[in-house]
Amino acid sequence: MTIRWYPGHMSKALEQISELVRKIDLIIEVLDARLPYSSSNHLLEQVRRNKPCIKVLNKNDLADPAVTKAWVQHFQKSAGVRALPLVAKNIPETKSLVKLCKQLVPHRGNPGYPIRTMVVGIPNVGKSTLINTLAGRSIAKVGDRPAVTMRPQQIPLNNGILIFDTPGLLWPAMNDQGGAYRLAASGAIGANALDYTNVGVFAAAYMMRRYPELVKERYKLAELPESPHEVIEAVGRCLGCIMSGGVVDVHRAAETFLRELRAGKAGRISFEEPGTPEDVEAELLRF
Ligand code: GDP
22 MTIRWYPGHM SKALEQISEL VRKIDLIIEV LDARLPYSSS NHLLEQVRRN
72 KPCIKVLNKN DLADPAVTKA WVQHFQKSAG VRALPLVAKN IPETKSLVKL
122 CKQLVPHRGN PGYPIRTMVV GIPNVGKSTL INTLAGRSIA KVGDRPAVTM
172 RPQQIPLNNG ILIFDTPGLL WPAMNDQGGA YRLAASGAIG ANALDYTNVG
222 VFAAAYMMRR YPELVKERYK LAELPESPHE VIEAVGRCLG CIMSGGVVDV
272 HRAAETFLRE LRAGKAGRIS FEEPGTPEDV EAELLRF
């Protein structure tokens, strides 16, 4: 199966971001901590104009801590880039983001001279949730489906930060099917763009390789079956996804399996292994 994603009007968003970058002190790029590479858009680097950038690895509550740590180290090798794993709803954690903003732009952050920033990222990574927590009130609309983000143009926060707003939306750069599958497995791509069974089988293969113990524990398997298809069937049996005649409903099993992985039911998992972008690209191309 080929997952297609046409950015269409989204290149306009990049133009808007590029324009706005001139007026700001700092970029806050929100990534999904479970797949920091596939949830980024590398075009941002081209329009950054050397402005400092904080890469927020959001949804850290769902990601594998060891993998996140490796990605943080990797990102911080780039000049002017800091990386901060967090959970967007967690107020103390977002306070450490404010602190980091002040460290990176020490000459601003006072009344009358706020740190001017913008929050960008692909759909569904938690931009609205983060803005709402930083603001201490509900400004941005939070959606459980991708691409639900509407908010005003300038958001002054009490803590010396002003968020300039474009739609803030980037699109994932899916040059390869591996990246598309990872995004689909994590839920970043909407349900209509994917086929649950194929993505479920992809996720099962990945889980067998990276987190076999979590699969065994969650689905009460003494041993892992040999193929990812059989893992989905075993999951279906465990969760009661059975059709008449006692046959496993594979589509429903795959859908439930993905829903469970996304919600962290099997444990904290990342969909990308750490490494250099070259390593990740080479790994993605294997699929
Ligand atoms: P946006 O499209 O980037 O603005 O993303 P939203 O803020 O609308 O969030 C998308 C979904 O992710 C919503 O269901 C949020 O509740 C959820 N979400 C956001 N941040 C976190 C987080 O740190 N952890 C978890 N588990 N879920 C989060």
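Residue numbers (this note's numbering): 22 to 308. In this text, a Cβ means the ideal position worked out from N, Cα and C, and glycines have one as well.
Which class does residue i belong to by DSSP, given the choice of helix, strand or coil?
i, result
"GLU36", "helix"
"GLN67", "helix"
"THR42", "First, the amino acid is wrong: residue 42 is Val here, not Thr. Correct three-state label for VAL42: helix."
"VAL146", "coil"
"ILE263", "strand"
"ASN62", "coil"
"ILE290", "coil"
"TYR240", "coil"
"TYR202", "helix"
"VAL169", "Because VAL169 sits at a pLDDT of 43, beneath the cut-off of 50, its placement in the model cannot be relied upon, and the following sentence gives the value as read from the coordinates. In the structure shown, VAL169 sits in coil (DSSP, three-state: anything other than H, G, I, E or B)."
"ALA209", "coil"
"GLY285", "coil"
"GLU247", "coil"
"ALA275", "helix"
Have a look at residue i and residue j and give me their C-alpha separation to the nearest angstrom.
i, j, result
"ILE112", "ILE253", "38 Å"
"TYR58", "LYS76", "11 Å"
"LYS241", "MET264", "21 Å"
"LEU52", "GLY142", "6 Å"
"LEU83", "GLY181", "30 Å"
"LEU78", "GLY266", "45 Å"
"GLU247", "GLU234", "14 Å"
"ALA205", "LEU118", "28 Å"
"GLY261", "VAL220", "20 Å"
"GLU36", "PRO132", "30 Å"
"ILE48", "THR150", "17 Å"
"ASN81", "GLU281", "16 Å"
"HIS128", "TYR134", "9 Å"
"TYR217", "PRO144", "19 Å"
"GLU293", "LEU56", "5 Å"
"ARG289", "VAL126", "33 Å"
"LEU155", "LEU41", "20 Å"
"PRO167", "ARG203", "Low per-residue confidence applies at PRO167: pLDDT is 46, beneath 50, and the placement is therefore not dependable, though the value from the model is reported in the following sentence. Each residue's alpha carbon lies about 15 Å from the other."
Could you tell me which of the options sits nearest to residue i, measuring between CA atoms?
i, options, result
"ARG43", "ALA225, SER61 and ARG69", "ARG69"
"MET229", "THR218, LEU245 and LEU105", "LEU245"
"VAL102", "LYS72, ASN81, ASN131 and LYS116", "LYS72"
"ALA54", "LEU47, THR89, CYS122 and LEU41", "THR89"
"MET237", "ALA274, SER32, CYS259 and LYS110", "As written in the sequence, residue 237 is Lys, which differs from the Met given in the question. Of the candidates ALA274, SER32, CYS259 and LYS110, the one whose C-alpha sits nearest the C-alpha of LYS237 is CYS259."
"PHE278", "GLY266, HIS250 and THR154", "HIS250"
"THR138", "ARG280, SER39, ALA209 and SER99", "SER39"
"SER207", "ALA34, VAL126, LYS286 and GLY130", "LYS286"
"LYS123", "ASP46, THR154, LYS33 and GLU276", "ASP46"
"LYS116", "SER99, ASP85 and ASN153", "ASN153"
"ALA209", "VAL222, ALA284 and HIS272", "ALA284"
Tell me the DSSP bridge mates of residue i?
i, result
"VAL77", "VAL51 and LEU105"
"ARG137", "LEU183"
"ILE176", "ILE184"
"VAL119", "DSSP output for VAL119 lists no bridge partner at all."
"VAL5", "There is simply no residue 5 to check, as the chain begins at 22 and stops at 308 in what is shown."
"ASN131", "TYR134"
Less than 8 Å between CB atoms is the rule here; does residue i satisfy it with respect to chain D?
i, result
"PRO106", "In summary, chain D is missing from the structure at hand, where a single protein chain is found."
Let me check you understand the geometry: is the CB of residue i closer than 7 Å to at least one non-hydrogen atom of the ligand ATP?
i, result
"SER149", "Among the ligands modelled here, namely the ligand GDP, the ligand ATP does not occur."
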